[in-house]
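Protein chains: 2
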Amino acid sequence: MGMMKGAAALPLNAILDGDCVERMNALPANSIDLIFADPPYNLQLRGDLHRPDNSKVDAVDDAWDQFDSLKIYDAFTRDWLAAARRLLKPNGAIWVIGSYHNVFRLGAELQNQGFWILNDVVWRKSNPMPNFRGKRFTNAHETLIWASKGEGAKYTFNYEALKALNEGIQMRSDWMIPLCTGHERLKDEAGDKAHPTQKPMALLHRVLLGTTNPGDVVLDPFFGTGTTGAVAKMLGREFIGIEREESYRRIAEKRLAKVRKFDRSALEVTTSRRAEPRVAFGVLVERGMLRPGEQLVSARGATAKVRADGTLVGHDVKGSIHQVGAAIEGAPSCNGWTYWHFMRDGQPVPIDVLRQQIRAEMREG
Amino acid sequence: MGMMKGAAALPLNAILDGDCVERMNALPANSIDLIFADPPYNLQLRGDLHRPDNSKVDAVDDAWDQFDSLKIYDAFTRDWLAAARRLLKPNGAIWVIGSYHNVFRLGAELQNQGFWILNDVVWRKSNPMPNFRGKRFTNAHETLIWASKGEGAKYTFNYEALKALNEGIQMRSDWMIPLCTGHERLKDEAGDKAHPTQKPMALLHRVLLGTTNPGDVVLDPFFGTGTTGAVAKMLGREFIGIEREESYRRIAEKRLAKVRKFDRSALEVTTSRRAEPRVAFGVLVERGMLRPGEQLVSARGATAKVRADGTLVGHDVKGSIHQVGAAIEGAPSCNGWTYWHFMRDGQPVPIDVLRQQIRAEMREG
DNA sequence: GGGCTCAGTGAATCGCAGT
DNA sequence: AACTGCGATTCACTGAGCC
Chain S
1 MGMMKGAAAL
11 PLNAILDGDC
21 VERMNALPAN
31 SIDLIFADPP
41 YNLQLRGDLH
51 RPDNSKVDAV
61 DDAWDQFDSL
71 KIYDAFTRDW
81 LAAARRLLKP
91 NGAIWVIGSY
101 HNVFRLGAEL
111 QNQGFWILND
121 VVWRKSNPMP
131 NFRGKRFTNA
141 HETLIWASKG
151 EGAKYTFNYE
161 ALKALNEGIQ
171 MRSDWMIPLC
181 TGHERLKDEA
191 GDKAHPTQKP
201 MALLHRVLLG
211 TTNPGDVVLD
221 PFFGTGTTGA
231 VAKMLGREFI
241 GIEREESYRR
251 IAEKRLAKVR
261 KFDRSALEVT
271 TSRRAEPRVA
281 FGVLVERGML
291 RPGEQLVSAR
301 GATAKVRADG
311 TLVGHDVKGS
321 IHQVGAAIEG
331 APSCNGWTYW
341 HFMRDGQPVP
351 IDVLRQQIRA
361 EMREG
Chain G
1 MGMMKGAAAL
11 PLNAILDGDC
21 VERMNALPAN
31 SIDLIFADPP
41 YNLQLRGDLH
51 RPDNSKVDAV
61 DDAWDQFDSL
71 KIYDAFTRDW
81 LAAARRLLKP
91 NGAIWVIGSY
101 HNVFRLGAEL
111 QNQGFWILND
121 VVWRKSNPMP
131 NFRGKRFTNA
141 HETLIWASKG
151 EGAKYTFNYE
161 ALKALNEGIQ
171 MRSDWMIPLC
181 TGHERLKDEA
191 GDKAHPTQKP
201 MALLHRVLLG
211 TTNPGDVVLD
221 PFFGTGTTGA
231 VAKMLGREFI
241 GIEREESYRR
251 IAEKRLAKVR
261 KFDRSALEVT
271 TSRRAEPRVA
281 FGVLVERGML
291 RPGEQLVSAR
301 GATAKVRADG
311 TLVGHDVKGS
321 IHQVGAAIEG
331 APSCNGWTYW
341 HFMRDGQPVP
351 IDVLRQQIRA
361 EMREG
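Line order of the protein sequences matches chains S and G. For the first sequence, position 232 matches number 232 in the numbering used here, and the numbering has no gaps at all. For the second sequence, position 303 matches number 303 in the numbering used here, and the numbering has no gaps at all.
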């Protein structure tokens, strides 16, 4: 991209100051694995708005003021999202978080720029602030949007790890997590909360564990007091933070210095079979675990015979273990490893057991 | 409002056919108390989807949900929202419902037109369809947006009624309600579902009870099989439905003829009775109550290490707290919550103590 | 009738490595 | 870049049928 050598080096595990759009534009394109962004929505722009002709606002519909501040907010959103998009690797992803004040602008602009929404996720607060005046529903949630760089783009999703985190049931799009309070809530010198919207680490834990791998680079353009960086460090991910307020940067630096990374073994996470090395069925025959001519059976009584090249012959079909299984069942597809069984001591045993033996040997060897 | 007599007569408790924008424009301005709209979501489904058992998912592939581009969808949204806005009384309100495919377009356009968002509300589904391929989070919710006609406009909110409905606690912005299934789900002559996206009456019950008064006029421009009308009639509100598809209108007419005012029998069946889900061990890790890498011990001296995804690693075993406990004891099952202890001040403490802390938080929240 | 099993289903943007 | 073929993947609930 016409970038000088050296400029391509990412400032890992650092907090950059200044404007996030300028800072992002100075970093190399296609270099970031994940962006987590908690943009401000209360821009306090209203007082700065001036109508070009100084005319009076029509009192019938108070929407003018709102409309212009929306336009400014949209321009702000467009700029930082475009800068973020440029930084993302083709297989990277982005998370944004917002409330009903701004999340519809965020989601619409993500789609406008070609991001592909994967899920919207609801952070349900177990301890929200009540609605004191009793005029609305208790505002008990915020919304996160998770998006890949475009339709068809790959992305990281640690399905099994999240399923394990949720007691063996696949993780839903609504997450119950308490507000950041107590010892986790950072205080300034006066003992007041250091940042008005500090996010709980539990939220970032789930985001980073689920959608990044150890060693990935995570960028947060609205770093605040550094929750994204703290959790990234604990989980063995690299981070880059951008924050324009000096006081937040100072608190974040202090906080991050104290964070310890978890043991490497603790960061190893439950993986799916998809990540395991592939084993060809023919290898079982080659190694003598199954004999050519041996009969395999399905749970429902179908049979097929093993051939020397690792294909099967059923009644009127031949092909791979998967093809023959699918043909017999009249199904669009079939996992032959779990469908077919061989007989040992009069009992049917899934051939997947033999694959697992080979995989165990591969790990040791 | 300079309206001719006669033109002002609303077609109450009727289903109008044809295009909803034309129909709305033919009704008198400032005449409707509440609009509930469930517009097409513009799902962009590519191929077929099969369950792991190879059965095919019955997708929403109806022509009425197809739009050629986001731009065309936005124009559609702009048109019907403008027509809806014209109809609303100054103190009226609107509800729209959508999923991540379209709700950001809806919310942004509501704001563009000057509507004032009062809350976004999450319909949490107690029984959503799982994510069969394990590629994303289970899409377990939809989003409703509740908005008044503009900043400062009055609106109806029956705070105490909703509080009573919620066992004396302020109603939150996240509602757990099951899908519309069983006898409530309308069937066509062939016995198939009459409408692909019929909403549960419990959802409309909460909306109409909370944000209208008896005698109010409720308009639904995407009436479908008439859930809005049915609940309005039960609750003593007037309704106007607009529906393009003749088959849906016919079914709705039949359904509405059977509905009795204040007949709540169906609602009581469909209100969710499921308790809060169990606490996952992984949540203790996420929340920092236990640290990845930390060692747990059993009363008989066995040890295991906590991983970041809420699984344990023992000597030669990994899995859930229950699985690892059972493997170590050689038992068929094991209650990990009482089996495992963490060390505090040199003393072993059962991890169940931490679970009880989280349950207490959830009860309070 | 009660209790059990089994089959069915719900707004879904649902591969990927190797060649 | 397009093509080929392996082979991974589900939760809560309802209702019918059977004993």
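Where a beta carbon is used, it is the ideal one built from N, C-alpha and C, also for glycine.
Could you give the residue range of the beta strand (DSSP E) that holds residue i?
i         : result
Glu238(S) : 238-242
Arg363(S) : Not the beta strand (DSSP E): Arg363(S) falls in the alpha helix (DSSP H), residues 352-364.
Val60(G)  : Note, Val60(G): premise wrong, no beta strand (DSSP E); not H, not E.
Ala140(G) : Looking at the DSSP string, Ala140(G) is not in any beta strand (DSSP E), and its letter there is neither H nor E.
Lys125(S) : 116-125
Leu296(G) : 295-298
His341(G) : 340-344
Using 8 Å for Cβ pairs, my map puts residue i next to residue j. What's the rounded Cβ distance?
i         : j         : result
Asn112(G) : Thr156(G) : That belief does not hold up - the Cβ atoms of Asn112(G) and Thr156(G) are roughly 24 Å apart, past 8 Å.
Phe223(S) : Glu243(S) : 4 Å
Ala326(G) : Ser333(G) : 5 Å
Leu12(G)  : Leu27(G)  : Between Leu27(G) and Leu12(G) the Cβ distance is about 11 Å, and since that is not below 8 Å, they are no contact.
Trp80(G)  : Pro221(G) : 6 Å
Val395(S) : Thr228(S) : Not covered by the structure: residue 395(S). The range shown for chain S is 1 to 365.
Val231(G) : Ser173(G) : About 20 Å; that fails the 8 Å criterion.
Just tell me which of the options has its CA closest to the CA of residue i.
i         : options                                    : result
Thr197(S) : Leu290(S), Ala327(S), Gly98(S)             : Gly98(S)
Asn131(G) : Asn139(S), Glu142(S), Leu118(S)            : Leu118(S)
Ile169(S) : Glu253(G), Val279(G), Ile328(G)            : Val279(G)
Met24(S)  : Arg78(S), Arg86(S), Asp38(S)               : Arg86(S)
Gly226(G) : Leu209(G), Val207(G), His195(G)            : His195(G)
Glu151(S) : Ser320(S), Gly114(S), Arg237(S), Val259(S) : Gly114(S)
Ala252(G) : Leu10(G), Asp38(G), Ala14(G)               : Ala14(G)
Asp49(G)  : Pro90(G), Glu245(G), Asp61(G), Lys125(G)   : The residue you asked about is not Asp; residue 49(G) is Leu in the sequence shown. Among Pro90(G), Glu245(G), Asp61(G), Lys125(G), the Cα nearest to that of Leu49(G) is on Asp61(G).
Ala302(S) : Pro292(S), Val259(S), Val317(S), Met289(S) : Val317(S)
Ser69(G)  : Gln44(G), Pro90(G), Ala202(G), Leu186(G)   : Gln44(G)
Lys154(G) : Gln347(G), Ala84(G), Leu34(G)              : Leu34(G)
Gln66(G)  : Pro39(G), Lys254(G), Gly336(G), Phe281(G)  : Pro39(G)
Met176(S) : Arg124(S), Arg264(S), Ser247(S), Arg250(S) : Arg124(S)
Glu109(S) : Arg133(S), Ala83(S), Asn91(S), Ser126(S)   : Ala83(S)
Arg237(S) : Ser247(S), Ala147(S), Arg255(S), Gly210(S) : Gly210(S)
Ala202(G) : Asp216(G), Glu189(G), Arg185(G)            : Arg185(G)
Leu284(S) : Gly310(S), Pro277(S), Glu268(S)            : Gly310(S)
Met362(S) : Pro277(S), Ala29(S), Leu144(S), Trp340(S)  : Pro277(S)
Run through DSSP, which three-state label would residue i get?
i         : result
Asn54(G)  : coil
Pro11(G)  : coil
Lys187(G) : strand
Lys305(S) : strand
Gln323(S) : helix
Ala230(G) : helix
Val349(G) : strand
Ala147(S) : strand
Leu219(S) : strand
Arg278(G) : coil
Lys135(S) : coil
Listing by chain order, which chain S residues have their CB less than 8 Å from the CB of residue i?
i         : result
Gly293(G) : Phe262, Asp263, Ser265, Ala266
Phe281(G) : Glu167
Met171(G) : Phe137, Thr138
Mind pulling the chain S residues with CB within less than 9 Å of residue i?
i         : result
Asn158(G) : Neighbours of Asn158(G) on chain S: none; closest Cβ ~10 Å, over 9 Å.
Gly325(G) : Ordered by position in chain S, no residue passes the 9 Å Cβ test against Gly325(G), which lies about 14 Å from the chain.
Leu118(G) : Tyr100, Lys135, Arg136, Phe137
First and last residue of the alpha helix (DSSP H) that includes residue i?
i         : result
Asp79(G)  : 70-87
Phe36(S)  : Per DSSP, Phe36(S) belongs to no alpha helix (DSSP H); it is in the beta strand (DSSP E), 32-37.
Gln111(S) : 103-112
Ile169(G) : Note, Ile169(G): premise wrong, no alpha helix (DSSP H); not H, not E.
Identify the contact partners of residue i in chain G, using a Cβ-Cβ distance below 9 Å as the criterion.
i         : result
Val349(S) : Here the premise fails: no neighbours, minimum Cβ distance about 21 Å.
Glu201(S) : Residue 201(S) is actually Met in this sequence, not Glu. Those are Glu286, Arg287, Gly288, listed as they occur along chain G.
Gln66(S)  : Gln111, Gly114, Trp116, Gly150, Glu151
In chain G, what lies closer than 8 Å to residue i by C-beta?
i         : result
Thr23(S)  : Here residue 23(S) is Arg; the residue named in the question, Thr, does not match the sequence. Per Cβ cutoff of 8 Å: no residues; Arg23(S) is ~27 Å from chain G at best.
Ser272(S) : Gly134
Arg206(S) : Glu286
Asn131(S) : Gln170
Output, in chain order, the set of chain S residues within a Cβ distance shorter than 7 Å of residue i.
i         : result
Gln111(G) : Leu70, Phe104
So which residues on chain G does residue i lean against when the C-beta distance must stay under 7 Å?
i         : result
His141(S) : Val122, Ser173, Asp174
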